[in-house]
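Q: Top to bottom, those sequences are chains G and E.
Residues in the first sequence are numbered from 907 upward in steps of one, following my numbering.
Residues in the second sequence are numbered from 196 upward in steps of one, following my numbering.
Backbone N, C-alpha and C fix where the C-beta goes; we use that ideal spot for every residue, glycine too.
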Amino acid sequence: GQNIDQPTEMTATEGAIVQINCTYQTSGFNGLFWYQQHAGEAPTFLSYNVLDGLEEKGRFSSFLSRSKGYSYLLLKELQMKDSASYLCAVRENGGGNKLTFGTGTQLKVEL
Amino acid sequence: DTGVSQNPRHKITKRGQNVTFRCDPISEHNRLYWYRQTLGQGPEFLTYFQNEAQLEKSRLLSDRFSAERPKGSFSTLEIQRTEQGDSAMYLCASSQTSGGAENTGELFFGEGSRLTVL
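1) Measuring only between beta-carbons, confirm whether Ser282/E sits less than 8 Å from chain G.
2) Do Lys206/E and Gln310/E come within 8 Å of each other at the CB atom, strictly closer than that value?
3) Under 8 Å Cβ to Cβ from Ser253/E, same chain only, skipping five residues before and after it: list those, please.
4) Looking at Thr208/E and Glu273/E, is the spacing between their C-beta atoms short of 8 Å?
5) So, at 6 Å on beta carbons, what are the nonlocal neighbours of Thr233/E in its own chain, with the 5 sequence-adjacent residues on each side left out?
6) Please tell me whether Phe966/G has its Cβ less than 8 Å away from any Cβ of chain E.
7) Which residue from Glu301/E, Gly307/E, Glu306/E, Ser261/E puts its Cα closest to that of Asn226/E?
8) Just how far apart, CA to CA, sit Gly921/G and Asp988/G?
9) Based on the DSSP secondary-structure assignment, which residues constitute the bridge partners of Ser977/G?
10) With a 10 Å radius around its C-beta and 16 neighbouring C-beta atoms as the bar for buried, classify Arg210/E as buried or exposed.
11) Quick check: the segment 908-916 of chain G against the segment 942-956 of chain G, are there 3 or more CB pairs under 8 Å?
12) Do you know whose CA, among Arg972/G, Arg997/G, Lys982/G, lies nearest Phe966/G's CA?
13) Mind pulling the chain E residues with CB within less than 9 Å of Tyr954/G?
14) Closer than 8 Å, Cβ to any Cβ of chain G: which residues of the segment 235-249 of chain E, in chain order?
15) Does the segment 916-930 of chain G come close enough to the segment 1004-1015 of chain G to have 3 or more Cβ pairs within less than 8 Å?
16) Buried or exposed: which applies to Lys974/G, given that a residue is buried once 16 or more other Cβ atoms fall within 10 Å of its Cβ?
17) Put Gln1012/G into one of helix, strand or coil per three-state DSSP.
18) How many whole angstroms separate the CB atoms of Glu247/E and Arg264/E, which I take to be in contact at a CB cut-off of 8 Å?
19) Mind listing the chain G neighbours of Tyr228/E? Cutoff is C-beta to C-beta under 9 Å, in chain order.
20) Since Phe969/G meets chain E, which of its residues come closer than 7 Å, beta carbon to beta carbon?
21) Hey, does Leu286/E have any beta-carbon neighbour from chain G nearer than 8 Å?
22) Going by Cα to Cα distance, which pick from Gly235/E, Gln245/E, Leu313/E is closest to Gly280/E?
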């Protein structure tokens, strides 16, 4: 089984940088995903890490440390439209790409 | 539109009634997943198919829930004798078998079917 923890809520200011942390415990790690979900909409894929290190994609970066069971999502130059829930999800070996999600971090971007 | 399509988008029903949701995945994807999501929570895995074979079912999935993917394309999720606790968003997702430098095996989600049981 898996245990995935991430903060419930965060607030940040437009133009700033925010880091959303995720810790996990799993028996057969095979990748960590970050999704963004606006209220009432489908989750959309943001990033994927399977090896240790930083993956950068525009204003979004994601970091993974497999030995620590730890990941973070970094959002730069925050915009109001970044207000959403950010879901950390882990894939295990043998699960057919099945993802197990955390509860999500609700990010509010303020002026 | 080549995304994942779900219908109906909203369903209101009375306790004890049966409901059925349909999901049309991205056409070249061989894997299809059903998740359930309640307010303030992340999606919870229910079941998944590879082609027409149902390969895994969550222990969360009671006997009142059944899913099919008869021709390996669209899928249906039926809930019999609905209970108020079944009220949730039911999300469908699809993916390709992971492999290759560019294929992460990420899940592509539909907009969901929101169920309200009165």
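A: Answer, in terms of the structure:
1) No - not a single Cβ of chain G is within 8 Å of the one on Ser282/E.
2) It should be noted that the sequence gives Leu, not Gln, for residue 310/E. Taking 8 Å as the Cβ cut-off, Leu310/E and Lys206/E qualify as a contacting pair.
3) Glu239, Phe240, Leu241, Thr242, listed in sequence order.
4) It is not a contact, given that the beta carbons lie outside the stated cut-off.
5) If we look at Thr233/E and ignore the five residues flanking it on each side, its Cβ neighbours are Ala283.
6) Not one chain E Cβ lies under 8 Å of Phe966/G.
7) Before going on, a small fix: residue 226/E reads as Arg here, not Asn. Closest in C-alpha terms to Arg226/E, from the list Glu301/E, Gly307/E, Glu306/E, Ser261/E, comes Glu301/E.
8) In this structure, the straight-line span from the alpha carbon of Gly921/G to that of Asp988/G is close to 11 Å.
9) Partner(s): Cys928/G, Leu970/G.
10) So Arg210/E ends up on the exposed side.
11) Result no; under three Cβ-Cβ pairs closer than 8 Å.
12) Selected option, being the one with the closest Cα: Lys982/G.
13) Within 9 Å of the CB of Tyr954/G, the CB atoms of chain E belong to Thr299, Gly300, Glu301, in sequence order along the chain.
14) Legend: CB atoms of the segment 235-249 of chain E lying less than 8 Å from CB atoms of chain G belong to residues Gly235, Gln236, Gly237, Pro238, Glu239, Phe240, Tyr243, Gln245.
15) The segment 916-930 of chain G vs the segment 1004-1015 of chain G: in contact.
16) Counting C-beta atoms within 10 angstroms of its own C-beta, Lys974/G has fewer than 16 neighbours from the protein chains shown and is therefore classed as exposed.
17) Gln1012/G falls in the strand class under three-state DSSP.
18) Glu247/E to Arg264/E, Cβ: 5 Å. Contact.
19) Within chain G, the residues whose beta carbon sits less than 9 Å from that of Tyr228/E are Gly1002, Asn1003, Lys1004, Leu1005, listed in sequence order.
20) The premise fails here: Phe969/G is roughly 16 Å from chain E at the closest Cβ pair, so nothing lies under 7 Å.
21) Taking 8 Å as the threshold, the shortest C-beta distance from Leu286/E to chain G falls below it.
22) In this structure, Leu313/E is the residue among Gly235/E, Gln245/E, Leu313/E with its C-alpha nearest to the C-alpha of Gly280/E.
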